[in-house]
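Engineer: From first to last, the protein sequence lines stand for chains B and R. Numbering-wise, the working numbering comes out as the position in the first sequence, counting from 1, plus 33. Numbering-wise, the working numbering comes out as the position in the second sequence, counting from 1, plus 33.
Number of protein chains: 2
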Amino acid sequence: EGKLIIFSVLSAKAIRDYIYTFVSRTNTCGELRSAHVGQKVTLYGWVQYQRQGLFLVLRDFHGLTQVIIPQDEVSATKELLSNAPVESVVRVTGTVSPRPLGQQNPKMPTGDIEVKAETAEILNSCKKLPFEIKDFIKKSEALRMQYRYLDLRSSRLQANLRLRSGVVMRMREYLCNLHGEGLLAGAKEFLVPSREAGKFYSLPQSPQQFKQLLMIGGLDRYFQVARCYRDEGSRPDRQPEFTQIDIEMSFVDQAGIQRLIEGLLQHSWPEDRGSIVTPFPSMTYEEALAEYGTDKPDTRFGMKIVDISDVLRGSNIHFVQNALSYPHGSIRAICIPQGMVSDARTSSLLTKFLGEKKQSELIQALNMQEDDVVLLAAGEHKQCSALGALRLLSADLLEAAGLTLRDPTAFHFLWVVDFPLFLPKAENPTELESAHHPFTAPHPSDASLLYSDPTKVRSQHYDLVLNGNEVGGGSIRIHSAEQQRFVLEKVLKEDSEVLSHLIEALEFGAPPHGGIALGLDRLISLIVDAPSIRDVIAFPKSFRGRDLMGNAPDYVTPEELEPYHIQVSWPLEEKEAKKN
Amino acid sequence: EGKLIIFSVLSAKAIRDYIYTFVSRTNTCGELRSAHVGQKVTLYGWVQYQRQGLFLVLRDFHGLTQVIIPQDEVSATKELLSNAPVESVVRVTGTVSPRPLGQQNPKMPTGDIEVKAETAEILNSCKKLPFEIKDFIKKSEALRMQYRYLDLRSSRLQANLRLRSGVVMRMREYLCNLHGEGLLAGAKEFLVPSREAGKFYSLPQSPQQFKQLLMIGGLDRYFQVARCYRDEGSRPDRQPEFTQIDIEMSFVDQAGIQRLIEGLLQHSWPEDRGSIVTPFPSMTYEEALAEYGTDKPDTRFGMKIVDISDVLRGSNIHFVQNALSYPHGSIRAICIPQGMVSDARTSSLLTKFLGEKKQSELIQALNMQEDDVVLLAAGEHKQCSALGALRLLSADLLEAAGLTLRDPTAFHFLWVVDFPLFLPKAENPTELESAHHPFTAPHPSDASLLYSDPTKVRSQHYDLVLNGNEVGGGSIRIHSAEQQRFVLEKVLKEDSEVLSHLIEALEFGAPPHGGIALGLDRLISLIVDAPSIRDVIAFPKSFRGRDLMGNAPDYVTPEELEPYHIQVSWPLEEKEAKKN
Numbered sequence: 034e035g036k037l038i039i040f041s042v043l044s045a046k047a048i049r050d051y052i053y054t055f056v057s058r059t060n061t062c063g064e065l066r067s068a069h070v071g072q073k074v075t076l077y078g079w080v081q082y083q084r085q086g087l088f089l090v091l092r093d094f095h096g097l098t099q100v101i102i103p104q105d106e107v108s109a110t111k112e113l114l115s116n117a118p119v120e121s122v123v124r125v126t127g128t129v130s131p132r133p134l135g136q137q138n139p140k141m142p143t144g145d146i147e148v149k150a151e152t153a154e155i156l157n158s159c160k161k162l163p164f165e166i167k168d169f170i171k172k173s174e175a176l177r178m179q180y181r182y183l184d185l186r187s188s189r190l191q192a193n194l195r196l197r198s199g200v201v202m203r204m205r206e207y208l209c210n211l212h213g214e215g216l217l218a219g220a221k222e223f224l225v226p227s228r229e230a231g232k233f234y235s236l237p238q239s240p241q242q243f244k245q246l247l248m249i250g251g252l253d254r255y256f257q258v259a260r261c262y263r264d265e266g267s268r269p270d271r272q273p274e275f276t277q278i279d280i281e282m283s284f285v286d287q288a289g290i291q292r293l294i295e296g297l298l299q300h301s302w303p304e305d306r307g308s309i310v311t312p313f314p315s316m317t318y319e320e321a322l323a324e325y326g327t328d329k330p331d332t333r334f335g336m337k338i339v340d341i342s343d344v345l346r347g348s349n350i351h352f353v354q355n356a357l358s359y360p361h362g363s364i365r366a367i368c369i370p371q372g373m374v375s376d377a378r379t380s381s382l383l384t385k386f387l388g389e390k391k392q393s394e395l396i397q398a399l400n401m402q403e404d405d406v407v408l409l410a411a412g413e414h415k416q417c418s419a420l421g422a423l424r425l426l427s428a429d430l431l432e433a434a435g436l437t438l439r440d441p442t443a444f445h446f447l448w449v450v451d452f453p454l455f456l457p458k459a460e461n462p463t464e465l466e467s468a469h470h471p472f473t474a475p476h477p478s479d480a481s482l483l484y485s486d487p488t489k490v491r492s493q494h495y496d497l498v499l500n501g502n503e504v505g506g507g508s509i510r511i512h513s514a515e516q517q518r519f520v521l522e523k524v525l526k527e528d529s530e531v532l533s534h535l536i537e538a539l540e541f542g543a544p545p546h547g548g549i550a551l552g553l554d555r556l557i558s559l560i561v562d563a564p565s566i567r568d569v570i571a572f573p574k575s576f577r578g579r580d581l582m583g584n585a586p587d588y589v590t591p592e593e594l595e596p597y598h599i600q601v602s603w604p605l606e607e608k609e610a611k612k613n
Numbered sequence: 034e035g036k037l038i039i040f041s042v043l044s045a046k047a048i049r050d051y052i053y054t055f056v057s058r059t060n061t062c063g064e065l066r067s068a069h070v071g072q073k074v075t076l077y078g079w080v081q082y083q084r085q086g087l088f089l090v091l092r093d094f095h096g097l098t099q100v101i102i103p104q105d106e107v108s109a110t111k112e113l114l115s116n117a118p119v120e121s122v123v124r125v126t127g128t129v130s131p132r133p134l135g136q137q138n139p140k141m142p143t144g145d146i147e148v149k150a151e152t153a154e155i156l157n158s159c160k161k162l163p164f165e166i167k168d169f170i171k172k173s174e175a176l177r178m179q180y181r182y183l184d185l186r187s188s189r190l191q192a193n194l195r196l197r198s199g200v201v202m203r204m205r206e207y208l209c210n211l212h213g214e215g216l217l218a219g220a221k222e223f224l225v226p227s228r229e230a231g232k233f234y235s236l237p238q239s240p241q242q243f244k245q246l247l248m249i250g251g252l253d254r255y256f257q258v259a260r261c262y263r264d265e266g267s268r269p270d271r272q273p274e275f276t277q278i279d280i281e282m283s284f285v286d287q288a289g290i291q292r293l294i295e296g297l298l299q300h301s302w303p304e305d306r307g308s309i310v311t312p313f314p315s316m317t318y319e320e321a322l323a324e325y326g327t328d329k330p331d332t333r334f335g336m337k338i339v340d341i342s343d344v345l346r347g348s349n350i351h352f353v354q355n356a357l358s359y360p361h362g363s364i365r366a367i368c369i370p371q372g373m374v375s376d377a378r379t380s381s382l383l384t385k386f387l388g389e390k391k392q393s394e395l396i397q398a399l400n401m402q403e404d405d406v407v408l409l410a411a412g413e414h415k416q417c418s419a420l421g422a423l424r425l426l427s428a429d430l431l432e433a434a435g436l437t438l439r440d441p442t443a444f445h446f447l448w449v450v451d452f453p454l455f456l457p458k459a460e461n462p463t464e465l466e467s468a469h470h471p472f473t474a475p476h477p478s479d480a481s482l483l484y485s486d487p488t489k490v491r492s493q494h495y496d497l498v499l500n501g502n503e504v505g506g507g508s509i510r511i512h513s514a515e516q517q518r519f520v521l522e523k524v525l526k527e528d529s530e531v532l533s534h535l536i537e538a539l540e541f542g543a544p545p546h547g548g549i550a551l552g553l554d555r556l557i558s559l560i561v562d563a564p565s566i567r568d569v570i571a572f573p574k575s576f577r578g579r580d581l582m583g584n585a586p587d588y589v590t591p592e593e594l595e596p597y598h599i600q601v602s603w604p605l606e607e608k609e610a611k612k613n
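Have a look at this one:
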């Protein structure tokens, strides 16, 4: 309730009107205090629980209130309230009274009072529940999803969605400018058959192309809380339908976008989650890979990767010599402070082969302490994804062992910049693909390299990382038609015909422009420390992309498919199964 | 610009930061006044037009500024600005100067000043345009759609989208509460093939079921600016993708929802469109049909339908007698004030057959004046759709003839209530279908009729009508599982299995609840008096549901369809065509 007012731009009076007018309750279940004692009130809510016909706890979206059931024999109200099943919806009218001395509950905002029921009405009775609605009750994901509307009654989920709403509203306040329309774009989209035989729409994977066209349309600023759709098959903690804060601006540079996002997050940050410091630190893609072995470093703790090639170069250890003999060969290490607590073995082959001098050099290079553990990786690597993964794994082990490395209340934002513009294709390293998307502009100082050695070109792409999670990404876009055509045809060897409308648009006076998109679901789940983004979405799909409540996706009849000129091509075995 | 500040909740300072920081311009093209004279400024914008190398007009999202091109021979700036093609994007740095006496342009906000260019840069040159970007230039719908990003540069479309953004932001301010997630629901949806053979998702036609489940989930209040999808094939001025302000509340009644919407519209109404008076007038469905021959009456003008059966009953005119001989037979009429101006014929068969007395009764009943024209409809009708259509047609004719009946600046909101809950099916009048949707609750005073004579049951559905257009509709929902099951199975004879999850949800303590949805596109187009909703959507589809710019829907390869286990079933002739 408090948060609602904080986040709202309405006067307190307007808030009251909004919550109490339009409905016949006098108060919410979260509101009554000693100051209300003596008042006649009408509450609506759910029966949280009921004890021996003496009292019950009434719950609504705003809180809990204890209701005393009248005990006189003839009372219909007693009869009614004593027999109301848990989670039934009731109206209770009564008088606010102070709780008897010693029976106050300081943990409960309404714990000083109780409502002596006079009249009551069952608005809807509840049948036996598939599970108890208490946060601590364990229930299967599938069951929770099937009865999502019951799970939504848990205080945890309600708090998550309330916070999400508040944050988004504050973001809108900050960005309130042109409300663009979000639309079809991107690749890997869901297909939507049209009534024209053989023709399909696609669902927006992101409004990328359209927000660029808005800038070309002279709209200067665009932001949207955009619903996007991505078909990734079965991927844990991904949603076929997700939400992003989508932003595009004209006449802007990378620093401009970064300052905007920092201001946006500061403005919309929940008060009770502490404040965040801006500007956010920045790190190049190369640094990130070298020091953390990943392009989304968790900077809440150290254990950085150190190159100890020079220390060991002299030593005559076979695997070291072997590794260093390669052009990009090196020896990298991470030092795990107090690593012993998670690993009993104290022996180290390495020391056997190292002289005193080398050993102390090593200790210095890694700033080793008593009980530390050092992990080495020897080989031909520019990146250190292996040590990067080990670093995170070690952190988990240490925390499992009782140490705290990562303060759960700390929020470490980080910009990762200077990504390569192109990467060699996994299947055929001689060919190049865009590191992000083909509309990303090259780094100004690398522009000429685009024509000579594209592999060396850095991009004007930037990622926003929070506690080791990518929560946003964007770029300054190519606004020159020739450059865009060169990238598509000459570098990526793609058929630019598909994007001809965008390239043509660039020829009609496209302003320099850039933008960014924040993954709202991920961001909110990190703020509330939820294990899954499904905990911050009202009606998520299961990790297999299923809606277990409405049972989607579902079979449709051939008749329903007719207007769309499509038919199902059943895998053979299914055909057989259907036959028998 | 002014509107942006009005609508924003940010301080003026924050607004300035938002518009000027992040980019390197010092001012927008709509901002400079005499007070700025002498200041050195940097503007970014498009070349609106350029005259004889003397001056040009620079345009951005915020306005127009006149730029004087330096005339000294050696100036590179002169060279550059004189040759910049129209609609090229340029940066101009120069000094604000007063315009010479007599050359001020009072019609132009920046008309008192001009900017003497010192340096300039072409950020992007523009090739020959497919059409001139001026509101008064006529261009085909198809061409405008194909180059939507150019059409968006027109001041009219930019104003429309700016107003839309402002209104929506004000609506959010008013409603800011729980930001629910909007999802799959409804019938007649677009289908989305999934990777499971034969299984399809459907796109949300409206979040109807899910917002009800949110209430059952105890979330109390929900609103969303929801993107919805409806496959209506080719229908003029409809969009396969549209936007609605979607609202649901618990413990609310019809009056509560109506007051909320009146407050919402008053709060978000654009200042320069005058104020609107609340509460809105209300009319029953029966009255609307009897007096206006439609369930969405345009109440900006009179010409109501009058039943003159009793006046003519005595007369021995054959078609009158004939009509009145039927059970529901009646004679209805509308009187068109000054109808003569649109209809030269002054004769009237009727007068021949009517005596003096009847004639004067008729004149009195219809309050006829000199030059009025009366149209009659005789027959067996409860409704009067024919006269309703004639009423609107007559209004068009009169206005075409120069009279004003409907003030284009007037906004007449009207609630239409007490709709029937069920209607006889067109194809088989003995069967019933929902007048709106099967979740609509019966009118409290008709609840018992539901079991005895469903055809007589009025519903708790309400429509919001603006100037003869339906801009919203909603209802109090059924919250009793038994009642919902009875309606589906016994009245509608539908298979309730499809909705079993909703019915089951009602059994778990569903609160009394109701809601409404406003058609945002239609509402905004009426406010800005746009001929089509396509004028208030950034990237609309054509009236045939096509995206002429991105060329959607488009063909996809059988390979692309494989993961979705579908194939195109080509109509024969197309198969043939493909063969040759």
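Backbone N, C-alpha and C fix where the C-beta goes; we use that ideal spot for every residue, glycine too.
Quick check on this structure: which residue in B:T473, B:D328, B:E466 and B:P475 has the alpha carbon closest to the alpha carbon of B:C417?
Structural biologist: The shortest Cα separation from B:C417 among B:T473, B:D328, B:E466 and B:P475 belongs to B:D328.
Engineer: Please determine, among B:D568, B:G307 and B:Q104, the residue with the shortest C-alpha to C-alpha distance to B:D168.
Structural biologist: Comparing Cα positions, the closest option is B:D568.
Engineer: Listing by chain order, which chain B residues have their CB less than 8 Å from the CB of R:C261?
Structural biologist: Correct list: empty, because the minimum Cβ distance to chain B is about 11 Å.
Engineer: Could you check what DSSP says for R:T126 in three-state terms: helix, strand or coil?
Structural biologist: If DSSP states are grouped into helix, strand and coil, R:T126 belongs with the strands.
Engineer: Under the rule that 16 or more other beta-carbon atoms within 10 Å means buried, what is R:A543, buried or exposed?
Structural biologist: Label assigned to R:A543: buried.
Engineer: Among B:G296, B:N400 and B:H361, whose alpha-carbon lies nearest the alpha-carbon of B:I338?
Structural biologist: B:I338 has its Cα closest to that of B:N400, out of B:G296, B:N400 and B:H361.
Engineer: Measure from the C-beta of B:R306 to each C-beta in chain R and report whether the shortest distance is under 8 Å.
Structural biologist: No - not a single Cβ of chain R is within 8 Å of the one on B:R306.
Engineer: Under DSSP, the beta strand (DSSP E) around R:E466 begins and ends at which residues?
Structural biologist: It spans L465 to S467 - the beta strand (DSSP E) in which R:E466 sits, taken as one unbroken run.
Engineer: Pull the bridge partners of B:D587 from the DSSP assignment, please.
Structural biologist: Per DSSP, R:F233.
Engineer: Can you name the start and end residues of the beta strand (DSSP E) that R:V407 belongs to?
Structural biologist: Note, R:V407: beta strand (DSSP E), V406 to E413.
Engineer: From the DSSP output, in three-state form, read off B:I101 for me.
Structural biologist: Strand, per DSSP.
Engineer: Take the Cβ of R:H351 as the centre, count every other Cβ of all protein chains shown within 10 Å, and call the residue buried at 16 or more, exposed below.
Structural biologist: Classification of R:H351: exposed, given that the 10 Å Cβ count is below 16.
Engineer: Do you know how far the Cα of R:A538 is from the Cα of B:R555?
Structural biologist: Whole-angstrom Cα-Cα distance: 29 Å.
Engineer: Tell me the rounded alpha-carbon separation between R:L76 and B:E540.
Structural biologist: Cα to Cα, the separation comes out at about 21 Å.
Engineer: To the nearest angstrom, how far is it from the Cα of B:Y325 to the Cα of B:P457?
Structural biologist: Computed Cα separation, rounded: 22 Å.
Engineer: Determine, using beta carbons only, whether R:M202 comes closer than 8 Å to chain B.
Structural biologist: With 8 Å as the cut-off, R:M202 counts as an interface residue toward chain B.
Engineer: For R:L134, count neighbouring Cβ atoms within 10 angstroms of its own Cβ and tell me buried if that reaches 16, exposed if not.
Structural biologist: When all chains shown are included, R:L134 counts as exposed.
Engineer: Could you tell me whether the Cβ of B:D93 comes closer than 8 Å to any Cβ of chain R?
Structural biologist: With 8 Å as the cut-off, B:D93 counts as an interface residue toward chain R.
Engineer: Quick one: grab the DSSP three-state call for B:V524.
Structural biologist: Note: B:V524 maps to helix in three-state DSSP.
Engineer: Classify R:S342 as helix, strand or coil using the three-state DSSP reduction.
Structural biologist: Reduced to three states, the DSSP call for R:S342 is helix.
Engineer: Is there contact between the segment 185–197 of chain R and the segment 247–255 of chain B, where contact requires at least three CB pairs shorter than 8 Å?
Structural biologist: Taking 8 Å as the limit for Cβ pairs, the verdict is that the segment 247–255 of chain B does touch the segment 185–197 of chain R.
Engineer: When you compare the CB of R:H512 with every CB in chain B, is at least one pair closer than 8 Å?
Structural biologist: Judged by the 8 Å Cβ criterion, R:H512 is in contact with chain B.
Engineer: Exposed or buried, R:K244, counting other C-beta atoms within 10 Å across all chains shown (16 or more means buried)?
Structural biologist: By the 10 Å Cβ count, R:K244 comes out buried.
Engineer: Measuring CB to CB, does B:E112 end up less than 8 Å from B:W79?
Structural biologist: Cβ atoms of B:E112 and B:W79: not closer than 8 Å.
Engineer: Any beta-carbon of chain B closer than 8 Å to the one on R:A150?
Structural biologist: Output row for R:A150: interface = no.
Engineer: With a floor of 3 residues, list each beta strand (DSSP E) that falls wholly inside the segment 253–308 of chain B, ordered by position along the chain.
Structural biologist: You should have 254–262 and 274–283.
Engineer: Does the separation of the CB atoms of B:L114 and B:I102 fall below 8 Å?
Structural biologist: The answer is yes: Cβ separation under 8 Å.
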